[in-house]
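Protein chains in written order, with this note's numbering: chain H, 1 to 1053; chain Y, 10001 to 10596.
Everything below concerns the one structure shown next.
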């Protein structure tokens, strides 16, 4: 036997080191799905037809599933190269590169110079200096490959190659050099814990089995991987099936058993095929089925294909299923170790657990304990899927943080501008962990403390477009379907949980549902018979714990912020618009050339369509379905076009008149609104139309707030704002200017004299930068600068300006000063992609010639003797580890740099004037914003409501207006006791036929001033659409709001 | 060897129990009856309902007391907010999936689910109804009706059918909410290997399995002046019906039962026990003949219709071992519509024979096509045509149905006077009454066989070895120096053990009594609910008391049976007996589709 194995090993070594160029294609299910099969064939044909001295092999999956097919290329003496996303079209350059030995660095994923197979090692060679080592790229950097040590490097169908990388040597070591107890002790010492998810110490489990004497004993490998989105075990079988056999052989030896069973899903045909082949090969060389020479040991493996019930992953159900019974769990005790398969003592380990065993025996338990944590040593293979850039199989040492897995390995959010919200760990009965907890280490206890579980290693990442209520509903629907139905808590409880969740996502939820769901969930955990039921409520319990506000939004406001819950939304754009403008309506009305109605439709949701159409962040565009084809529709540009056109041709007054005519009868209530910014204006617009008498107070001399005093004219010409403010006069909103709350305006008086007082004073206080030199004369605040310029007050500005910050105020200041002829540098302590300012604004600023100094943290302002600014000193930053926002923490490099300048503008953010709130006796929350009762907008003071940035902290104008719109509805109900809000909205009829075709191509860019025309003036940069452009752009809308089409009867004759 | 005792605390009280005791039973020892629903002592511990959950210190989750063993040092809490809330919630979940039609349900006021809801204080249903659509009722059986909508999936019926009876006619199929109790290929009980024993209906905590009622037909017959209604009562009724009318377990109420039946309007109140004595005459002689003439042995009794269907399905090759005697119910019907009709001058077509049985399978038996000997007897004489065909027994009611009839007409059962059965078919012996208990037929047969063969009087009529609740009992009786080895089995599970012995040709017995139900007929599937081990014991005591109370205790000494032979049948196993009192069986097998 020994000699035979040596022969095979030598053969395998020759395959791995053929002495010629070796090309290997990854042919796991993931690779094959991406065309690896055809690719392999094409490579073989090319090599054959040209009679090239090249060996072509197939290997398993190296784990980077998102970038399959992966191709390994090894030129003798050189590092092994891994090429990703290889298509047949790439073959010409690949063969050309092979000829000249030069590989373009951007076409190669990484190289491997040396590899430790844990039992054998390989030196591939050196060279290709410009290509990164495999563990130097972020996807692999934190990984450690123990279970996946061979995956993607050896041919899973070749026992020779397995032997050549040291395979089965651990088994021979165990069976020839160690006695059974030593093997068991080694596994115990390793502190390996069950990788199926529960984390029971493997050595202890084996020991329990050894305590039972019986005529037959069984060991079982549980490869019934049923979690949606998880495929660790599949890949482990497909890429390295002998590793499992070796693990079970060692286990069988340690546990005195000769019978092993692998229970594998029938849905994994390739895994089953490769496993069967491996078993056959192992039998052929006498490892299975025959007595091992020089021992009394003999073992064989039977493969049982399970029919695919999630519950059969539960060990007692798995045993029932193997015995030919329905797969229903039974109570433990008795444990399988006492009474298992066919009534005999049985040990069941997850596939990954078995696969760790050869490495432990080969390398020793103390080596194993070097990875991972003290309580959870070793690694765990995760299947990382969902909304991350890099998906695939990741083997991480336990104890690494979730942020390492998601942001570093996963590369963060899969789409720009979208924030990662949560990760579902542990499959459908795991828990949803919010991004704010991503600093948690991944180990059994830490995940449990968050309400999640390790499970078998599924990690589904979710971003802001995922509704957490819907996520919980999805998983409960799954476990409810997969419940075996035996016990009441699981069978009936999950059905009720699902019914409640269905009610909420369909807008039928009640507040009491939330406590009911929690009570139910805890009871299911407490009384279900098996692991499935006991963990099934986790998604509900964790989302209730971490995302309760989303549930409440669904229930209280019938609103699903992510736009997932179909019953609650019309179109994604309208749903994501803070003001819920009826976007499909005005687009269609424009298409039908009914401009006035289109405008009338926009203005009833947004009294400032021209203004907001210029400065909005366009939340609508971020969720436009057209984006999935090419680019989103420019919905905002279109309502700006509608407004501009109406004002140009003077047709707005008739529409204004209609709004005046449809005002509700006077209620006799008087309402004071403090603050004439976007929130205050929007509230005034609705409340006055509802028949209340509205007075708006503001500390400035004109209305508009930040719209007027914060946004430069090249973005928003003040004539547009002034024009739109006329509507408020028409409606009879009273404005009182130059009154400042707490000084020239008494809140108590307002309370006394009004039915309601609405505070809408925004977040206008700038944040302080505490560095040396900040007191120098040439240092200004960004918001002050913009306000004074708008008010035409004198400001001393030099020639060379440094602006500190990365928000819109910083960019507005930069572009404003650039227009005034300054040399402008923006210093920001993080990277460009981390900047919170509008991306288009940053791009325009760059185009205009504003200089950006990224990764530059402020240290001090350097002045001369006369207190004049001389320079701005920054610390150059390096990208550090990932923080909870998914951005890399800037870390000081130690290198400082001085930027010569005479003026420094500080624009690092704004906040609510908490001091004012405290003085006025208004309660504040943990963010130091005004504290209100959610959904009623009530502060702690009688009759006093608060809205907008004052409550939320700095947000966009549209968000503040949307907030005001919702608050107006609630306040009106408070005052009148009637639901009257909907009567403010006229309905428009228009075609609801889905467009048969829409214009092809990307969105139409509105006309912009040339860069050369911008300097020295404040002329508006974006000139907006021409009529044809607007109609064409509107026609790009796919009308995803249409759910049902009416079938029209065709008239004959 | 002394049982090992362990010490634990329950609700702070220290208690010492035998190792292996469940927490549930340990709780009983400190006076706490933990509520249960799916659990049924000796039948089922499935752990599905979760109602019996208790807290065990250091256990993360609640523990099912019915399935978990008490361990030394355990600290158990049976009453806490967590437990009360959980029990109530799980019950609410069950109720959300249960048709709340209590007022019109067969089991109204005798429903465990209903009682538990009351006990646990469920006063509202906070959950929406789970059941999306109604599952059709299973009317395919002539003995039982299944309403899957009322099923709470407690698994008791499945367990009793498979574990106690080894029949496996039903199991839970489907997954999750789609789970339901079903037969092979969901073809209905009537097309399955179901033996109609009705144990499932006895253990069902709700109204999901009930007997197929014939009450309305019987009331109609009673009101028809053109019909003569004859009722026969099985031995086990007199020890069961009292319970259903609010009397203590096992109350012996023979006289009151007779009075009640008269009040209901039966023209003649007779006793199946008369036919039981007759059965002994026939069966005893059959046994003697088989022994003497070398017939198939062991001979097995054939009184229990569930057993008959069982052997037809599972041991069709062993049908020759069965006695060819009809059951007492059927012998009675055949005699009533021939011998008695003649004697009383009645047109058999105008007689309705109603039997009160502790058994649901009797309904099926009465409907078997072989069971119309009286029609064949009269066919020529009365020039009857096929369309006139009538059965020997028209309706077989269960004890529960009789109780229901009593209640419906307002009979105050406990205050009824004792009345005697009518003559001649109301006369019976102590040998007949013990037919109601396991071992009774054997004992009765031995009393007769012994005296017939030895021509000697038995020193003691009581055969203690065949009494009691052991699953399989055996005895050896010396008759004329010849040892007669006999065995008695009750429950079909135990019968299967003896049958397998026969199949293996290893059976040492000459004669075997088999009763389908635990404890024999007194534990029959038609008896009052609840019926459990303790109650069966009480009923058996009453049966044996009745035997002792009777002057005549041997079937061959029943004067009216002797008269029947003298005047009509001539002799046991004679020509008339062959036609009226003996039957044939059908090889059924297990897997073909059975049309009933």
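C-beta atoms are modelled at their ideal positions from N, C-alpha and C, and glycine is treated no differently.
If you draw a straight line from the Cα of residue 41(H) to the Cα of residue 88(H), it comes to about 10 Å. For residue 10067(Y), the nearest CB of chain H lies under 8 Å from its own CB, placing it at the interface with that chain. The three-state reading of DSSP puts residue 10139(Y) in coil, since its state is none of H, G, I, E or B. Secondary structure of residue 729(H) (DSSP, three-state): helix. Taking C-alpha positions only, residue 195(H) is separated from residue 10149(Y) by approximately 41 Å.
Judged by DSSP in its simplified three-state form, residue 823(H) adopts strand. Taking C-alpha positions only, residue 498(H) is separated from residue 565(H) by approximately 15 Å. Burial check for residue 10178(Y): the Cβ neighbour count within 10 Å stays below 16, so the residue is exposed. Contacts with chain Y (Cβ-Cβ distance below 8 Å) from the stretch 523 to 539 of chain H involve 523, 525, 526, 527, 528, 529, 534, listed in chain order.
Contact annotation: residue 10542(Y) and residue 10261(Y) have beta-carbon atoms that are not nearer than 8 Å. One finds nothing in chain Y with a Cβ atom closer than 7 Å to the Cβ of residue 469(H); even the nearest lies about 18 Å away. Beta bridge pairing from DSSP links residue 858(H) with 874(H). Of all residues in the stretch 505 to 516 of chain H, only 516 place a beta-carbon less than 7 Å from a beta-carbon of chain Y. Counting only Cβ-Cβ distances below 9 Å, residue 10355(Y) has no contacts in chain H at all, with the closest Cβ about 39 Å away. Identification of chain Y residues near residue 192(H) by a Cβ-Cβ cut-off of 9 Å yields none; the smallest Cβ-Cβ distance measures about 23 Å.
For the stretch 10129 to 10146 of chain Y, the set of positions with a beta-carbon nearer than 8 Å to some beta-carbon of chain H reads 10130 in chain order.
Within the DSSP bridge table, the entry for residue 241(H) names no partner.
Contact note: residue 10497(Y) does not reach chain H at a C-beta cutoff of 8 Å; the least C-beta distance is about 20 Å. Taking 8 Å as the CB threshold, residue 10061(Y) lines the interface with chain H.
The beta-carbon of residue 10436(Y) is placed no less than 8 Å from the nearest beta-carbon of chain H.
With distances taken between CA atoms, residue 988(H) lies nearest to 602(H) out of 613(H), 998(H), 602(H), 913(H).
Spanning the alpha carbons of residue 10540(Y) and residue 10248(Y) requires a straight line of approximately 14 Å. In terms of beta-carbon proximity, residue 10058(Y) stays away from the interface with chain H, with every pair separated by 8 Å or more.
Burial state of residue 202(H) is buried, judged by a 10 Å Cβ sphere holding 16 or more other Cβ atoms. Annotation: Cβ neighbours of residue 10096(Y) in chain H (cutoff 7 Å, chain order): 492, 496.
Collapsing the DSSP output to three states places residue 852(H) in a strand.
For residue 10127(Y), the chain H residues whose C-beta falls within less than 7 Å of its own C-beta are 496, listed in chain order. In this structure, residue 344(H) lies away from residue 547(H), with their beta-carbon atoms at least 8 Å apart. The C-alpha of residue 10471(Y) lies about 14 Å from the C-alpha of residue 10043(Y). Distance from the CA of residue 31(H) to the CA of residue 156(H), rounded to the nearest whole angstrom, comes to 14 Å. By the CB criterion at 8 Å, residue 785(H) and residue 905(H) fall inside the cutoff.
Within the same chain, Cβ atoms closer than 7 Å to the Cβ of residue 807(H) are found at 836, 837, 907, 909, the five residues on either side in sequence being excluded.
Residue pairing by DSSP places residue 10233(Y) opposite 10271(Y), 10356(Y) in a beta bridge.
Taken through DSSP and simplified to helix, strand or coil, residue 296(H) comes out as coil.
DSSP places residue 586(H) inside the alpha helix (DSSP H), whose first and last residues are 583 to 591. One Cα belongs to residue 101(H), the other to residue 160(H), and the distance between them is close to 29 Å.
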